[in-house]
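Per the numbering used here, the sequence shown starts with residue 9, numbered consecutively.
The next block holds one structure in the form of structure tokens; read it before the comments.
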Amino acid sequence: MRNLDKYKGVIPAFYACYDKDGNISPEGVRALTKYFVDKKVKGVYVNGSSGECIYQSVEDRKIVLENVMEAAEGKLTVINHVACNNTKDSQELAAHAEKLGVDAIASIPPIYFHLPEYAIAEYWNDISAAAPNTDFVIYNIPQLAGVALTQSLFAEMRKNPRVIGVKNSSMPVQDIQMFKQAAGEDYIVFNGPDEQFISGRVIGAAGGIGGTYGAMPELFLKMDELVKAGEMEKACEIQYDANAIIYKMCSARGNMYGVIKEILRINENLDLGGVRKPLAALVPEDKPIVEEAAKMIRDAKEKYL
Numbered sequence: 009m010r011n012l013d014k015y016k017g018v019i020p021a022f023y024a025c026y027d028k029d030g031n032i033s034p035e036g037v038r039a040l041t042k043y044f045v046d047k048k049v050k051g052v053y054v055n056g057s058s059g060e061c062i063y064q065s066v067e068d069r070k071i072v073l074e075n076v077m078e079a080a081e082g083k084l085t086v087i088n089h090v091a092c093n094n095t096k097d098s099q100e101l102a103a104h105a106e107k108l109g110v111d112a113i114a115s116i117p118p119i120y121f122h123l124p125e126y127a128i129a130e131y132w133n134d135i136s137a138a139a140p141n142t143d144f145v146i147y148n149i150p151q152l153a154g155v156a157l158t159q160s161l162f163a164e165m166r167k168n169p170r171v172i173g174v175k176n177s178s179m180p181v182q183d184i185q186m187f188k189q190a191a192g193e194d195y196i197v198f199n200g201p202d203e204q205f206i207s208g209r210v211i212g213a214a215g216g217i218g219g220t221y222g223a224m225p226e227l228f229l230k231m232d233e234l235v236k237a238g239e240m241e242k243a244c245e246i247q248y249d250a251n252a253i254i255y256k257m258c259s260a261r262g263n264m265y266g267v268i269k270e271i272l273r274i275n276e277n278l279d280l281g282g283v284r285k286p287l288a289a290l291v292p293e294d295k296p297i298v299e300e301a302a303k304m305i306r307d308a309k310e311k312y313l
């Protein structure tokens with residue numbers, strides 16, 4: 009049985025960091041990485057949805073990972089999402105990630121064209137082959153990718169010894185149980201939807217990877233602690249408050265990641281820029297929503313920590 013402990017816990021999804029001209033900001037990437045080190049999270053999930061990966065070039069994503077690895081100094085588990093909408097670029101990112109020494113690479117299925125399962129498996133295995141000494145995580149997010157990880161496809165992928173589990177972002181929490189039951193203790197399942205963090209943990213997820221963790225890591229770390237201690241009533245109370253914050257952030261006209269970056273500017277003095285088009289930028293009418301969400305986070309931290 010392999011040791012999966014380095015993946016168990018709270019792993020925030022890393023945000024795209026831009027300068028004033030909308031280019032990748034190495035300084036911002038390093039500052040955000042150090043913020044996560046200071047917050048004592050388990051690791052970071054780089055270049056995924058929260059990192060706006062589909063709107064970035066291969067070179068952009070290399071720059072992000074290089075600066076994360078430099079700033080992390082080995083203090084974080086690093087999972088790097090490498091999927092592009094073609095195999096060649098995905099393999100280039102996979103090889104680059106292995107060279108830098110990441111703990112794992114991850115990939116969504118190819119999007120737009122509806123491929124048969126054997127072609128999806130071949131895509132993932134080709135990516136994994138480009139990083140032959142690195143763990144591989146399947147990223148299941150059917151509501152965005154348009155393709156769901158089936159039990160038959162998961163069984164096929166488990167023939168690849170580098171596959172260690174699934175980042176499950178489908179909404180039914182039952183999917184976590186199904187993947188966990190099918191694979192057993194030698195694989196890990198990550199909870200994806202932040203709004204069901206404790207539900208996913210209870211039904212079998214050994215860790216969580218989430219896009220809102222970065223705005224309030226202390227709350228998710230506290231939930232993780234309470235789940236491990238079996239104090240579910242207290243964990244549920246925090247989950248409800250965290251969900252209220254998420255709903256508030258999602259109520260803005262601008263993209264939620266733009267809201268989160270502005271919250272981090274207010275609460276943590278981090279300057280990470282905005283979001284890359286075609287994601288919607290914040291508008292003036294979003295300002296009170298951002299300020300209220302930032303205050304809700306401060307109040308929750310004071311209440312629970």
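No residue lacks a Cβ here, since even glycine has one placed at the ideal position from N, Cα and C.
Between which two residues does the alpha helix (DSSP H) containing residue i stretch?
| i | result |
| --- | --- |
| T41 | P34 to K47 |
| F198 | Here F198 belongs to no alpha helix (DSSP H); instead the beta strand (DSSP E) covers I196 to N199. |
| G173 | G173 -> not in any alpha helix (DSSP H); beta strand (DSSP E) instead, spanning V171 to N176. |
| A237 | P225 to A237 |
| L101 | T95 to L108 |
| V90 | Where V90 is concerned, there is no enclosing alpha helix (DSSP H), given that its DSSP letter is neither H nor E. |
| S136 | E125 to A137 |
| M186 | Q182 to A191 |
Which residue marks the beginning of the beta strand (DSSP E) containing residue i, and which one marks its end?
| i | result |
| --- | --- |
| I305 | Not the beta strand (DSSP E): I305 falls in the alpha helix (DSSP H), residues K295 to Y312. |
| Y53 | G51 to V54 |
| A156 | Note, A156: premise wrong, no beta strand (DSSP E); not H, not E. |
| A114 | A112 to S115 |
For residue i, I'd like the list of residues in its chain whose CB is within less than 6 Å of its CB, leaving aside the five on either flank, ordered along the chain.
| i | result |
| --- | --- |
| K309 | E226 |
| D68 | I32 |
| A214 | K16 and I196 |
| T41 | V76, A79 and A80 |
Which of the three DSSP states, helix, strand or coil, is assigned to residue i?
| i | result |
| --- | --- |
| F6 | Outside the shown range of the chain, which is 9 to 313, sits residue 6, and nothing can be said about it. |
| T3 | Nothing about residue 3 can be reported from this structure: the residues present for the chain run from 9 to 313 only. |
| Y26 | strand |
| A260 | coil |
| I253 | helix |
| A21 | strand |
| G215 | strand |
| A289 | coil |
| A243 | helix |
| L73 | helix |
| K269 | helix |
| G208 | helix |
| V66 | helix |
| L12 | coil |
| E203 | helix |
| M165 | helix |
Considering only residues of the same chain and omitting the five flanking positions on each side of residue i, which have a CB-CB separation below 8 Å?
| i | result |
| --- | --- |
| A156 | N148, P150 and S178 |
| I297 | K256, M257, S259, A260 and V267 |
| K188 | Y195, V197, I211, G212 and A213 |
| Y265 | Y23, A24, S58, E60, G219, V283 and L287 |
| M186 | Q159 |
If contacts are defined as beta-carbon pairs under 8 Å, then residue i and residue j qualify, I think. What distance do you get, rounded to the angstrom?
| i | j | result |
| --- | --- | --- |
| G173 | V210 | Going by Cβ atoms, the distance from G173 to V210 rounds to 17 Å, so no, they are not a contact pair. |
| L287 | E60 | 7 Å |
| R6 | G30 | Since the first and last residues shown for the chain are 9 and 313, residue 6 lies out of range. |
| K167 | V145 | Contact flag wrong, Cβ pair sits at about 16 Å. |
| T85 | I113 | In fact, because the Cβ distance is near 13 Å, the residues do not count as touching under 8 Å. |
Grab me the residues of residue i's own chain with a C-beta within less than 7 Å of its C-beta, minus the 5 sequence neighbours each way, in chain order.
| i | result |
| --- | --- |
| Q99 | D134, I135 and A138 |
| A302 | I271, I274 and N275 |
| A223 | I268, I271, L272 and I305 |
| M165 | A129, W132, I146 and V171 |
| A103 | A138 and A139 |
- Does the segment 241-257 touch the segment 75-94, meaning 3 or more C-beta pairs lie closer than 8 Å? no
- Determine, using beta-carbon pairs with one atom in the segment 10-21 and one in the segment 265-276, whether at least three such pairs fall under 8 Å. no
- Inspect the CB distances between the segment 55-71 and the segment 90-103 and report whether three or more fall short of 8 Å. yes
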